[in-house]
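Student:
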Amino acid sequence: MTAEPLAAALIAVERAEAPWQRTLRQLAHRRLAMAGLAVVLFFIVLAILAPLVSPYDPLATSWSAVRKPPSFAHPFGTDEIGRDVLARIIWGSRASLAAGLVSVSLALAAGVPIGLISGYLGGFVDGMLMRMIDAMLAIPFLILAIALAVFLGPSLANAMIAIGVSQTPIFARLTRGQVLVVKHEDYIEAARAVGNSHHRIVLRHILPNIVPPLLVQATLAAAAAIIAEASLSFLGLGEQPPDPSWGSMLNTAKNFVSQAPWMALWPGLAIFLLVLSLNLFGDGLRDALDPRRG
Amino acid sequence: MIAFLQRRIALIIPTLFFVSVLIFGLQQLLPGDPALAMAGEERDPAVIAFLREKYHLDRPLPERYVLWVKGIAHGDLGESIRIKRPVKDLILEKLPVTGELAGLAMVVALAIGVPAGILAAVKHDTAIDYGATMAALWGLSIPNFWLGILLILLFSVTLGWLPASGFVTPAESLKQNLLTLIMPAFVLGNAIAAVMMRHTRSAMLQVLDSDYVRTARAKGLSEWSVILRHALRNALIPVVTLGALEFGALLSGAVLTEQVFSIPGFGKLIVDAVFNRDYAVVQGVVLCTALAYIFLNLFADIAYALLNPRLRA
């Protein structure tokens with residue numbers, strides 16, 4: 003019999019590469035995605051090592067160095083009360099990255115269970131939950147975040163909550179859609195036939211199979227959350243002065259565009275680079291996870 | 013078609029209910045006594061008493077909700093604590109300004125996004141395609157308030173070609189009005205142009221692959237006639253309805269754009285209300301945007317059904 007060794011060989015080939023390994027291999031070939039990942043990691047390291055790598059105290063003012071253009075002593079220049087812009091960019095990365103991480107975690111923690119319940123149960127519960135989600139989606143993302151932040155009170159923590167809540171409906175919708183696709187697969191029917199509880203089917207059989215699209219959405223949502231945090235800080239609803247955040251730095255810089263353009267250049271460039279990198283990585287991840295490609 | 017309309021309109025009712033609960037609920041997020049918080053820093057006892065009366069703060073929550081909804085049904089959106097004027101009047105006053113800005117931004121988005129999307133699809137996998145795709149990613153990643161500041165720096169401060177801020181109504185001077193709106197409209201439109209480009213590109217790629225396009229080519233029509241007269245028509249259907257969905261992004265963007273360019277519109281209204289903790293104005297603006305969004309999407313869905321007979325069943 004020649005069929006048996008062949009089948010065994012096929013199984014061996016399949017075993018040799020798990021789906022996540024295939025995804026990683028695909029991802030490693032995408033240069034733009036890898037460049038994006040490298041920049042994101044750079045900012046994360048910068049944020050963690052801020053006390054070590056920052057050339058100055060980000061809050062230290064100096065009346066002899068007010069609005070000085072970039073120089074050897076201050077590579078990014080100084081701001082309107084003589085604080086070093088580079089130091090504030092480095093420390094400000096903490097607010098942006100925290101917003102990306104915390105907001106998206108909140109949105110996942112709230113949105114995924116709603117989507118799982120809605121998609122799995124269907125019927126009246128599904129209808130009600132989805133109308134609630136529609137209602138949240140009817141309010142433009144940033145306007146909802148602004149409204150929540152105003153009523154909660156201005157602080158970085160409240161801004162992150164506001165952004166997280168505003169992003170919840172996206173994850174609920176996505177999760178529900180994925181559950182509806184997976185729900186009728188044979189292996190779910192099999193799990194049910196064997197007598198698994200609903201609880202177990204949802205958490206052990208459905209959830210692991212819908213992680214990839216959630217992962218892609220989380221990356222792109224982190225990019226959106228970072229822009230949203232910068233926007234709220236720009237409007238005075240995020241990190242409060244004198245603590246540095248890229249958005250609030252731009253808010254001040256706006257008033258000194260003609261006298262000190264470097265104040266506006268660096269924080270915006272930092273937001274742009276970080277968001278672009280997350281978007282590049284998210285796009286690459288989506289392509290790498292798509293079995294139809296490569 | 014009638015059945016589709018009935019189903020679609022019936023879906024709106026629970027959505028409207030939850031939107032109203034959500035916006036009413038915002039008030040409950042205020043720490044402590046809402047009347048005290050809404051009265052501002054002066055805490056004028058007369059104002060506090062007025063607010064208690066106005067929002068029926070001594071009544072139970074469900075009753076307050078019903079009274080609030082009744083007020084809105086009669087066009088009463090509350091009163092601005094700071095400016096001491098009805099919120100409805102403030103919104104109606106600012107609406108045309110933002111309407112013009114949003115309209116111009118949409119023109120910018122369509123004028124850049126659709127041709128770029130067509131070109132990228134037709135020149136699939138060439139340098140033009142990659143260039144357009146990268147440009148779209150730029151547009152999606154650049155914070156629009158930063159782009160606004162950079163444009164002011166270049167065109168107002170350095171070159172002196174365009175005014176950095178201020179707004180002139182078209183009635184006063186149409187030329188001046190358009191000059192002040194060029195930069196804001198570009199800033200607001202560029203992110204939507206990026207979304208439009210991506211959608212036009214993928215819709216065109218699908219259509220260009222279809223049988224009827226091959227037939228049109230086989231008939232010996234010129235390539236551009238195939239692309240513009242046959243393919244684009246079908247590819248544009250999803251793109252047109254996308255316009256309604258992007259309305260939310262347009263209003264979100266307008267908040268920041270109007271702030272950067274000091275344009276006295278809807279966005280400036282909510283930002284000023286934010287700075288002044290003028291909660292009734294914030295609620296009113298949120299309510300109006302939500303209503304506009306819900307009904308625009310209804311119209312978009314109906315338009316989509318009209319354009320695409322397969323969806324009517």
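If you read the sequences in order, they're chains A and B.
With the numbering used here as the guide, the letters of the first sequence map in order to residues 3 to 296.
With the numbering used here as the guide, the letters of the second sequence map in order to residues 13 to 325.
The beta-carbon is built from N, C-alpha and C at its ideal position, and this holds for glycine as well.
No experiment lies behind these values; they were computed from the predicted model shown.
DSSP puts B:Pro-98 in a beta bridge; with which residues?
Tutor: The residue given as residue 98 of chain B occupies position 86 in the second sequence. Answer is B:Glu-91, bridged to B:Pro-98.
Student: Do A:Leu-144 and A:Ser-233 have their beta-carbon atoms positioned less than 8 Å apart in this structure?
Tutor: In the first sequence, residue 233 of chain A corresponds to position 231, counting from 1. In the first sequence, residue 144 of chain A corresponds to position 142, counting from 1. Closer than 8 Å, so yes.
Student: For B:Gly-111, count neighbouring Cβ atoms within 10 angstroms of its own Cβ and tell me buried if that reaches 16, exposed if not.
Tutor: The count along the second sequence starts at 1 and reaches residue 111 of chain B at position 99. Flag for B:Gly-111 reads exposed.
Student: Going along the region 27-38 of chain B in order, which residues come within less than 7 Å of chain A, judged by CB to CB distance?
Tutor: If the cut-off is 7 Å between Cβ atoms, the region 27-38 of chain B has Thr-27, Phe-30, Val-31, Leu-34, Leu-38 near chain A.
Student: Please determine if the region 153-166 of chain A and the region 176-191 of chain A are in contact, where contact requires at least 3 C-beta pairs separated by less than 8 Å.
Tutor: They do not touch, by the three-pair rule.
Student: Could you compute how far the alpha carbon of B:Ala-85 sits from the alpha carbon of A:Gly-125?
Tutor: Taking the first residue of the second sequence as position 1, residue 85 of chain B is located at position 73. Taking the first residue of the first sequence as position 1, residue 125 of chain A is located at position 123. Approximately 31 Å, taken between the alpha carbons.
Student: Out of B:Thr-227, B:Gly-172, B:Glu-270, B:Pro-57, point me to the one whose CA is closest to B:Phe-179's CA.
Tutor: Within the second sequence, numbered from 1, the residue matching residue 179 of chain B stands at position 167. Looking at the Cα atoms, B:Glu-270 is the closest of the given residues.
Student: Starting from the Cα of A:Pro-142, find the closest Cα among B:Ile-124, B:Leu-319, B:Ile-306 and give me that residue.
Tutor: The residue given as residue 142 of chain A occupies position 140 in the first sequence. The candidate whose alpha carbon is nearest that of A:Pro-142 is B:Ile-306.
Student: What span of residues does the alpha helix (DSSP H) with B:Thr-192 cover, start to end?
Tutor: Indexing the second sequence from 1 puts residue 192 of chain B at position 180. Start and end: 186-220.
Student: I want to see whether chain B comes within less than 8 Å of A:Pro-335, judged by CB atoms only; does it?
Tutor: Residue 335 of chain A lies beyond the residue range present for chain A, which begins at 3 and ends at 296; the question has no answer from this structure.
Student: Give me the Cα-Cα distance between B:Met-209 and B:Ala-256, rounded to the nearest whole angstrom.
Tutor: The residue labelled residue 209 of chain B in the question sits at position 197 within the second sequence. The residue labelled residue 256 of chain B in the question sits at position 244 within the second sequence. Straight-line Cα distance between these residues: approximately 16 Å.
Student: Would you verify that the beta carbon of A:Val-259 is, or is not, closer than 8 Å to some beta carbon of chain B?
Tutor: Indexing the first sequence from 1 puts residue 259 of chain A at position 257. Taking Cβ atoms only, chain B reaches closer than 8 Å to A:Val-259, which makes this a yes.
Student: What are the start and end residues of the alpha helix (DSSP H) that includes A:Pro-130?
Tutor: The residue labelled residue 130 of chain A in the question sits at position 128 within the first sequence. Checking the displayed sequence, the identity of residue 130 of chain A turns out to be Met instead of Pro. Counting along the chain, the alpha helix (DSSP H) containing A:Met-130 begins and ends at 125-140.
Student: CA-CA distance, B:Ala-158 and B:Ala-123?
Tutor: The residue labelled residue 158 of chain B in the question sits at position 146 within the second sequence. The residue labelled residue 123 of chain B in the question sits at position 111 within the second sequence. Checking the sequence shown, residue 158 of chain B turns out to be Trp, not Ala. Distance between the alpha carbons of B:Trp-158 and B:Ala-123: 22 Å.
Student: Starting from A:Asp-136, find everything on chain B with Cβ-Cβ shorter than 7 Å and list it in chain order.
Tutor: In the first sequence, counting from the first residue as 1, residue 136 of chain A sits at position 134. Near A:Asp-136 (Cβ distances below 7 Å), the residues of chain B are Thr-27.
Student: Residues in the region 37-63 of chain A with C-beta within 7 Å of chain B's C-beta atoms, listed in sequence order?
Tutor: Listed by position, the residues of the region 37-63 of chain A near chain B (Cβ gap below 7 Å) amount to none.
Student: On the three-state DSSP scale, how would you describe A:Thr-63?
Tutor: Position 61 of the first sequence, counted from the start, is the residue given in the question as residue 63 of chain A. If DSSP states are grouped into helix, strand and coil, A:Thr-63 belongs with coil.
Student: Whole-angstrom Cβ separation of A:Leu-222 and A:Asn-281, contact assumed at under 8 Å?
Tutor: Working through the first sequence from its first residue, we reach residue 222 of chain A at position 220. Working through the first sequence from its first residue, we reach residue 281 of chain A at position 279. A:Leu-222 to A:Asn-281, Cβ: 7 Å. Contact.
Student: Can you list, in chain order, the residues of its chain whose CB lies under 6 Å from that of B:Gln-39, leaving out five sequence neighbours each side?
Tutor: Residue 39 of chain B sits at position 27 when you count from the first residue of the second sequence. Only Pro-46 meet the Cβ criterion.
Student: Evaluate A:Asp-81 with the Cβ neighbour count: other Cβ atoms within 10 Å of its Cβ, from every protein chain shown; 16 or more gives buried, anything less gives exposed.
Tutor: Walking along the first sequence from the start, residue 81 of chain A turns up at place 79. With 16 or more other Cβ atoms within 10 Å, it is buried.
Student: Report all residues from its chain with a CB closer than 7 Å to the CB of B:Thr-181; omit the five preceding and five following residues, and keep chain order.
Tutor: Indexing the second sequence from 1 puts residue 181 of chain B at position 169. So the list reads Asn-189, once near-sequence residues are dropped.
Student: Who are the near neighbours of B:Val-225 in its chain, counting only those whose CB is closer than 7 Å to its CB and skipping five residues on each side?
Tutor: Sequence index remark: in the second sequence, residue 225 of chain B carries index 213 (1-based). Contacts found: Val-219, Val-238, His-242, Ala-243.
Student: CA-CA distance, A:Leu-287 and A:Gly-38?
Tutor: Working through the first sequence from its first residue, we reach residue 287 of chain A at position 285. Working through the first sequence from its first residue, we reach residue 38 of chain A at position 36. Cα-Cα distance, rounded: 11 Å.
Student: What does B:Ile-164 touch in chain A if you count any residue whose Cβ is under 8 Å from its own?
Tutor: The residue given as residue 164 of chain B occupies position 152 in the second sequence. In chain order: Val-259.
Student: Which residues in the same chain have their Cβ closer than 6 Å to the Cβ of B:Pro-98, if we skip the five residues on either side of it in sequence?
Tutor: For the purposes of this step, residue 98 of chain B is identified with residue 86 of the second sequence, where counting begins at 1. Same-chain partners within the cutoff: Glu-91.
Student: Can you tell me whether B:Thr-170 is buried or exposed, with buried defined as 16 or more other CB within 10 angstroms of its CB?
Tutor: Residue mapping note: residue 170 of chain B aligns to position 158 of the second sequence, counting from 1. Classification for B:Thr-170: exposed.
Student: Run through DSSP, which three-state label would A:Gly-296 get?
Tutor: As a position in the first sequence, residue 296 of chain A is number 294, starting the count at 1. At A:Gly-296, the pLDDT of 43 sits below 50, so the modelled position is not reliable and the matter cannot be decided from this model.
Student: Quick check on A:Asp-81: does DSSP put it in helix, strand or coil?
Tutor: Working through the first sequence from its first residue, we reach residue 81 of chain A at position 79. DSSP places A:Asp-81 in coil when its eight states are reduced to three.
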